[in-house]
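**Q** Can you keep this structure in mind? I'll have questions shortly.
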Amino acid sequence: TLIVIVAILPFSSLLLLAVSILRGFKRPIEASLPRLIFRPIIIVLAIALSVLFLENINARFAMFMDLGATIVCLAVALFLIRSSLGKTKVKPTYDSFSWFSASLPLFAIASFQLIIKHTDILIIGIFLDIESAGSYSAASKIATLAAFGLMAINGVLPALIANHHATKAKHKLQQLVSLATLCSFIF
1124 TLIVIVAILP FSSLLLLAVS ILRGFKRPIE ASLPRLIFRP IIIVLAIALS VLFLENINAR
1184 FAMFMDLGAT IVCLAVALFL IRSSLGKTKV KPTYDSFSWF SASLPLFAIA SFQLIIKHTD
1244 ILIIGIFLDI ESAGSYSAAS KIATLAAFGL MAINGVLPAL IANHHATKAK HKLQQLVSLA
1304 TLCSFIF
C-alpha cells in the first residue's frame, strides 16, 4: 500500500500543477472540475461498484482506485489545458531549461504538500492495519465533498479579485468580497 501511495504522489503533483495552469488561464471552473469534482465522484463510484460486484475489497485495492482516479483526472486536466490554448498562429519558441528549472521547485513543493496531506493515512497504515487506512482514506475523500462550496469559492475568487484590483474597480471588488464572505459563512 505504501508503494501505491508513493506512486500516487507524482500524478497528484502534476494534477495540482495542471489545475494551477488552468487557474492562470482564468478558467477557474475548469480548474475545479478534475480535482474537486471528478476525482471524488470517480472514487465514490469505483468504491460503490466494487462493493456491488466484488466480495473482498482491501486497502491496496482502494489505493489503486485512487491512483486510477488521479490518472484519469490528470488526463482530463491536460485535455482542458490543451483546449484552453486554442489555435495559435505564432510559432512557439521553447526554452526548456528555463521552464524546467522554474517548475522543478514548484513540483517539489507540490509533492511535499501532498506528503503532508496524506501523512494521516500513512500513520494509520503504520500503527493500525492496512484495512483501517484504506477505510479512513475512502471516508476522508468522501468528507471533502462537504466542503465543496468553500473550495469552489476559493477556486474562483482569487482570479476575480486580481482582475477587479488590476482594473481599479473598487466598487465591484467590494461587492465581490462581501458576497464571498457571505457565501463562506453559509458553507
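For the sequence shown, our numbering gives the first residue as 1124, with consecutive numbering after it. Just so you know, even glycine gets a beta-carbon here, dropped at the ideal spot from N, CA and C.
Taking 8 angstroms as the threshold (C-beta atoms), are I1166 and M1188 in contact?
**A** Yes, the pair counts as a contact, with Cβ atoms nearer than the cut-off.
**Q** Does the beta-carbon of F1220 have 16 or more other beta-carbons within 10 angstroms, so that it is buried, or is it exposed?
**A** It counts as exposed.
**Q** Please state whether DSSP places E1254 in a helix, a strand or coil.
**A** Of the three classes helix, strand and coil, the one that applies to E1254 here is helix, per DSSP.
**Q** So, for I1276: in the same chain, excluding its five sequence neighbours on each side, which residues have a beta-carbon less than 8 angstroms away from its beta-carbon?
**A** Answer for I1276: A1303, C1306, S1307 and F1310, listed in chain order.
**Q** Under the three-state reduction of DSSP, which class applies to T1248: helix, strand or coil?
**A** As written in the sequence, residue 1248 is Gly, which differs from the Thr given in the question. G1248 falls in the helix class under three-state DSSP.
**Q** Return the CA-CA distance between F1394 and I1144, expressed in angstroms with no decimal places.
**A** As shown, the chain starts at 1124 and ends at 1310. That puts residue 1394 outside it, with no answer to give.
**Q** Output the distance between the C-alpha atoms of L1249 and I1284, rounded to the nearest integer angstrom.
**A** According to the sequence displayed, residue 1249 carries Ile and not Leu. I1249 and I1284: Cα-Cα distance of roughly 43 angstroms.
**Q** Work out the CA separation of A1182 and L1299 for me, nearest whole Å.
**A** Their backbone Cα atoms lie some 43 angstroms apart in a straight line.
**Q** Which of helix, strand or coil does DSSP assign to F1230?
**A** Helix, per DSSP.
**Q** Taking the Cβ atom as the reference point for each residue, do L1245 and I1128 lie within a distance shorter than 8 angstroms?
**A** Closer than 8 angstroms, so yes.
**Q** So the candidates are S1207, F1134 and G1191; which of them puts its Cα closest to the Cα of R1146?
**A** Of S1207, F1134 and G1191, the residue nearest in Cα terms is S1207.
**Q** Which stretch, first to last residue, makes up the alpha helix (DSSP H) that contains D1189?
**A** Unbroken alpha helix (DSSP H) run through D1189: A1182 to L1208.
**Q** Buried or exposed: where does V1199 fall if 16 or more other Cβ atoms within 10 Å of its Cβ makes it buried?
**A** Classification for V1199: buried.
**Q** Helix, strand or coil, according to DSSP, for T1216 in the structure here?
**A** The answer is coil: DSSP assigns T1216 none of H, G, I, E or B.
**Q** Take L1138 and list the residues in its own chain whose beta-carbon comes closer than 7 angstroms to its own, dropping the five residues that flank it on each side.
**A** Excluding residues within five positions, the ones whose Cβ falls inside 7 angstroms are P1157, R1158, T1193, C1196, L1197 and A1200.
**Q** Between which two residues does the alpha helix (DSSP H) holding L1175 run?
**A** Where L1175 is concerned, the enclosing alpha helix (DSSP H) stretches over R1162 to F1176.
**Q** Closest to G1257 by C-alpha separation, out of A1270, L1268 and H1241, would be which residue?
**A** Closest by alpha carbon: H1241.
**Q** Roughly how many angstroms lie between the CA atoms of R1150 and V1174, to the nearest whole one?
**A** Computed Cα separation, rounded: 36 angstroms.
**Q** Near S1136, which residues of its chain fall below 8 angstroms by C-beta distance, leaving aside the five closest residues on each side in sequence?
**A** Contacts found: F1230, A1233, S1234 and L1237.
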